[in-house]
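**Q** A single structure is presented below for examination.
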Amino acid sequence: MSRLTELLRQARKVDKQLGDDLEKEFAALMKRRTFGLVFEQHQPEAVELPGRAVRRGDKVRVLPPRGEVKQGDQRLWRVERIERVDGGRIAHLLELDAEKPQTQAVITDDLVVVAEFNDRIYPGLVETGRVERGGDKPFHTVINAENFHALEMLTYTHRGKVDAIYIGQVPCSGVTAFSSRLGF
Numbered sequence: 274m275s276r277l278t279e280l281l282r283q284a285r286k287v288d289k290q291l292g293d294d295l296e297k298e299f300a301a302l303m304k305r306r307t308f309g310l311v312f313e314q315h316q317p318e319a320v321e322l323p324g325r326a327v328r329r330g331d332k333v334r335v336l337p338p339r340g341e342v343k344q345g346d347q348r349l350w351r352v353e354r355i356e357r358v359d360g361g362r363i364a365h366l367l368e369l370d371a372e373k374p375q376t377q378a379v380i381t382d383d384l385v386v387v388a389e390f391n392d393r394i395y396p397g398l399v400e401t402g403r404v405e406r407g408g409d410k411p412f413h414t415v416i417n418a419e420n421f422h423a424l425e426m427l428t429y430t431h432r433g434k435v436d437a438i439y440i441g442q443v444p445c446s447g448v449t450a451f452s453s454r455l456g457f
């Protein structure tokens, strides 16, 4: 506690409003008691949609240079317009959620479309293979997708037609149990 108090004091020296805001949040956390399932507040999720073509109006991220393994720029940009230059496509971007938004022009091959949690996306299914062992009997379908958007998609395409959904845990998490949602 004394370490946090000291850090709050240092933050207040640099920026009084920031120190006051941090102290309010700290006080709220200290009062809170949690019981049962605990859902923590977190940063809004953003899912990259790498197979999707970049279009005007899309939210995008700029990918790191090819061959680099470090994480790229995590800022979100909006595609204002796209122009064709020498057989390639150049996207003109405007930075989102910035006090003084920057602009830049980037080749569309160096961008990935991003959907934030509440953004509407209309994913499609692409069949990559099939195993049928029962003749005309129903078969299992595996959907490799981010869970929320995959489930949302199924409400459009298969409402009332799915008997069970099994959501696998993250690989290497050590968890072997599966969750199910029956009567989708």
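Using this note's numbering, read the sequence shown as starting at 274 and increasing by one per residue.
Ideal Cβ placement from N, Cα and C applies to all residues, glycine included.
Under a three-way DSSP split, which group does V461 fall into?
**A** No information on residue 461 is available, as it lies outside the stretch 274 to 457 that the chain covers here.
**Q** Should D382 go down as buried or exposed, given a rule of 16 or more other Cβ atoms within 10 Å for buried?
**A** Looking at its Cβ environment, which holds fewer than 16 other Cβ atoms inside 10 Å, D382 is exposed.
**Q** Any chance you could list the alpha helix (DSSP H) runs of at least 4 consecutive residues sitting entirely within the stretch 343 to 389, in chain order?
**A** Runs found: none.
**Q** Kindly give me the distance between the Cβ atoms of I355 and R348, rounded to whole angstroms, as I take these residues to be in contact under 8 Å.
**A** About 19 Å separates the two Cβ atoms, so there is no contact after all.
**Q** How far does the alpha helix (DSSP H) with E425 in it reach, from first residue to last?
**A** Taken as a continuous stretch (DSSP letters only), the alpha helix (DSSP H) holding E425 covers 420 to 430.
**Q** In its own chain, which residues sit with a C-beta less than 8 Å from the C-beta of P337, not counting the 5 before and 5 after it?
**A** Answer for P337: K343, Q344, G345, D346, listed in chain order.
**Q** Taking a contact to mean a Cβ-Cβ separation below 7 Å, would you say L384 touches V333 in this structure?
**A** Yes.
**Q** What is the residue span of the beta strand (DSSP E) that L322 lies within?
**A** Run containing L322: 319 to 322, per the beta strand (DSSP E) assignment.
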